[in-house]
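Colleague: Residue numbering for the sequence shown follows the numbering used here, beginning at 127 and increasing consecutively.
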Amino acid sequence: MYKFLDVLGDLLFPARCPVCDNVVPGWDEGICSECLKSIRYVELPRCLKCGKHIEEEAKEFCTDCDERKHYYKQGRALFYYKDIAKAIYRYKYKGRKAYARVFGREMVYFLGDYINSLRAEAIIPVPLYKRKVRRRGYNQATLLAKILGETLNIPVYENLVIRNRNTKPLKLLNPEERLNNLKKAFILMENGVKLKRVIIVDDIYTTGSTIDTIAKLLLERGIEEVYFVALAIGEST
Ligand SMILES: [Zn+2]
Ligand SMILES: [Zn+2]
């Protein structure tokens, strides 16, 4: 259901294709026909852990997952990060909040069956530091989580895990510093809800360290299985 302000927003800010940012005609919101020709959805065979596409059919896991222990049980992503890096940048930093509707719908369409098969009791968006949410006006992962939750009828727990301070940009840190920095960044709030299986939602999966940090926190509190879904993922090395 559109709220009045959303309708007004649509009139003032016409629907754009999130991939190329061109205005799409009428109410036909989505990825435009030109971009549909080139955009790639992560195809089979996929790593059984992180869902990255792998080249060799015979392998079960990608090189990254072969070398690294993950706390989450499994996950999947929709697009190759490279293909929509600019789109995600605009989505996060250039106020293109409306992309969430298209991205969310694509995730439901392509990952919905997978998500349903996990029988998760909760969807948890990767939190942002609250000052960042205020500045940006939204958390890009929460917007996706809400569309998934509403469409697939899974409760979204947006305040179960919170980010407690503004962590340094991850790209400036080495892997060990990254993990230490991240460990301190998330707090699990007590809410009295007993959950067994949950799905973490994020916009980008890179090394998986963010998802793993949150997964570890959840496992320590008795949650049995943690999965993730992401809008985009890197390619296997
Ligand atoms: Zn386009
Ligand atoms: Zn993998």
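Each residue gets a CB set at the ideal place from its N, CA and C atoms; glycine is no exception.
Computed from a predicted model, the values in this text were never measured in an experiment.
List, from N- to C-terminal side, the beta strand (DSSP E) runs of 3 residues or more that fit wholly inside the region 229 to 317.
Modeller: Correct list: 248 to 251, 287 to 289 and 312 to 314.
Colleague: Please state whether DSSP places Arg194 in a helix, a strand or coil.
Modeller: Here residue 194 is taken as the residue at index 68 of the sequence shown, counted from 1. Correct three-state label for Arg194: coil.
Colleague: Express the C-alpha separation of Arg257 and Glu182 in angstroms, rounding to a whole number.
Modeller: What you label residue 182 is simply residue 56 of the sequence shown in a count that begins at 1. What you label residue 257 is simply residue 131 of the sequence shown in a count that begins at 1. Straight-line Cα distance between these residues: approximately 44 Å.
Colleague: Skipping 5 residues on each side, what residues in its chain have a beta carbon closer than 7 Å to that of Gly177?
Modeller: Here residue 177 refers to the residue found at position 51 when the sequence shown is read from its first residue. Excluding positions up to five away in sequence, the list reads Val168, Gly201, Arg202, Ala203 and Ile359.
Colleague: Short of 7 Å in beta carbon distance, which residues of its chain neighbour Lys309, apart from the five on each side in sequence? Order them along the chain.
Modeller: Taking the sequence shown and counting its residues from 1, one reaches residue 309 at position 183. Cβ neighbours of Lys309 beyond the five flanking positions: Thr339.
Colleague: Where do the ends of the alpha helix (DSSP H) carrying Tyr217 lie?
Modeller: For the purposes of this step, residue 217 is identified with residue 91 of the sequence shown, where counting begins at 1. Tyr207 to Tyr219 is the span of the alpha helix (DSSP H), which, as asked, contains Tyr217.
Colleague: Select from Arg260, Asn285, Arg261 and Arg262 the residue whose C-alpha is nearest the C-alpha of Met272.
Modeller: As a first step, residue 272 must be located in the sequence shown, where it is residue number 146. In the sequence on display, residue 272 carries Lys and not Met. With distances taken between Cα atoms, Lys272 lies closest to Asn285.
Colleague: Where does the unbroken beta strand (DSSP E) through Ile359 begin, and where does it stop?
Modeller: Taking the sequence shown and counting its residues from 1, the one referred to as residue 359 is at position 233. Where Ile359 is concerned, the enclosing beta strand (DSSP E) stretches over Glu351 to Ile359.
Colleague: Label Met233 either buried or exposed according to how many other C-beta atoms from any shown protein chain fall within 10 Å of its C-beta, with 16 as the threshold for buried.
Modeller: Indexing the sequence shown from 1 puts residue 233 at position 107. The residue in question, Met233, is buried, as its Cβ has 16 or more Cβ neighbours within 10 Å.
Colleague: Taking 8 Å as the threshold (C-beta atoms), are Phe354 and Tyr331 in contact?
Modeller: For the purposes of this step, residue 331 is taken as residue 205 along the sequence shown, with counting starting at 1. For the purposes of this step, residue 354 is taken as residue 228 along the sequence shown, with counting starting at 1. Result yes, Cβ atoms of Tyr331 and Phe354 sit closer than 8 Å.
Colleague: Give a single yes or no on whether Lys175 has its beta carbon closer than 7 Å to a heavy atom of ligand 2.
Modeller: On the sequence shown, position 49 is the one that residue 175 refers to. Yes, since a heavy atom of ligand 2 falls inside the 7 Å radius drawn around the Cβ of Lys175.
Colleague: Touching or not, the region 296 to 306 and the region 218 to 232, by the rule of three or more beta carbon pairs under 8 Å?
Modeller: At 8 Å Cβ cutoff, the stretches do not touch.
Colleague: At the level of alpha carbons, what is the spacing between Tyr197 and Leu344?
Modeller: Reading the sequence shown from its first residue, position 71 is the one you call residue 197. Reading the sequence shown from its first residue, position 218 is the one you call residue 344. Roughly 10 Å between the two C-alpha positions.
Colleague: Identify which residue in Arg289, Thr333 and Phe205 has its Cα closest to the Cα of Ile157.
Modeller: As a position in the sequence shown, residue 157 is number 31, starting the count at 1. Comparing Cα positions, the closest option is Phe205.
Colleague: Going by C-alpha to C-alpha distance, which of Pro253, Ile180 and Leu305 sits closest to Asp329?
Modeller: The residue labelled residue 329 in the question sits at position 203 within the sequence shown. Closest option to Asp329, Cα to Cα, is Pro253.
Colleague: DSSP puts Val327 in a beta bridge; with which residues?
Modeller: Locating residue 327 in the sequence shown gives position 201, where the first residue counts as 1. In the DSSP output, where bridge partners are listed per residue, Val327 has Pro251 and Val355.
Colleague: On a CA-only basis, which of Gly275, Ile210 and Gly238 is nearest Tyr283? Give me that one, please.
Modeller: On the sequence shown, residue 283 is found 157 positions in, with the first residue counted as 1. Closest by alpha carbon: Gly275.
Colleague: Taking a contact to mean a Cβ-Cβ separation below 8 Å, would you say Leu314 touches Glu247 in this structure?
Modeller: Mapped onto the sequence shown, residue 314 falls at position 188. Mapped onto the sequence shown, residue 247 falls at position 121. Not closer than 8 Å, so no.
Colleague: Is Glu155 close to ligand 1? I mean its beta-carbon at under 7 Å from any heavy atom of the ligand.
Modeller: Position 29 of the sequence shown, counted from the first residue, corresponds to residue 155. Incorrect: Glu155 has no Cβ contact closer than 7 Å to ligand 1.
Colleague: Which residue's Cα is closest to the Cα of Glu193: Asp209, Ala184, Cys173 and Ala356?
Modeller: Looking up residue 193 in the sequence shown gives position 67. Nearest of Asp209, Ala184, Cys173 and Ala356 to Glu193, Cα basis: Cys173.
Colleague: So, are the CB atoms of Ile210 and Val324 less than 8 Å apart?
Modeller: By one-based count along the sequence shown, residue 210 stands at place 84. By one-based count along the sequence shown, residue 324 stands at place 198. Not closer than 8 Å, so no.
Colleague: Can you tell me whether Asn148 sits near ligand 1, meaning its C-beta is under 7 Å from at least one heavy atom of the ligand?
Modeller: On the sequence shown, residue 148 is found 22 positions in, with the first residue counted as 1. The answer is yes for Asn148.
Colleague: Leaving out five residues before and five after Asn279 in sequence, what residues of the same chain have Cβ atoms less than 8 Å from its Cβ?
Modeller: Against the sequence shown, residue 279 aligns to sequence position 153. Cβ within range, chain order: n/a, list empty.
Colleague: Please report the straight-line C-alpha distance between Leu162 and Gly348, rounded to a whole angstrom.
Modeller: In the sequence shown, counting from the first residue as 1, residue 162 sits at position 36. In the sequence shown, counting from the first residue as 1, residue 348 sits at position 222. About 42 Å.
Colleague: Give a yes or no on whether the C-beta atoms belonging to Val352 and Lys199 are separated by under 8 Å.
Modeller: Locating residue 352 in the sequence shown gives position 226, where the first residue counts as 1. Locating residue 199 in the sequence shown gives position 73, where the first residue counts as 1. Contact flag set, yes.
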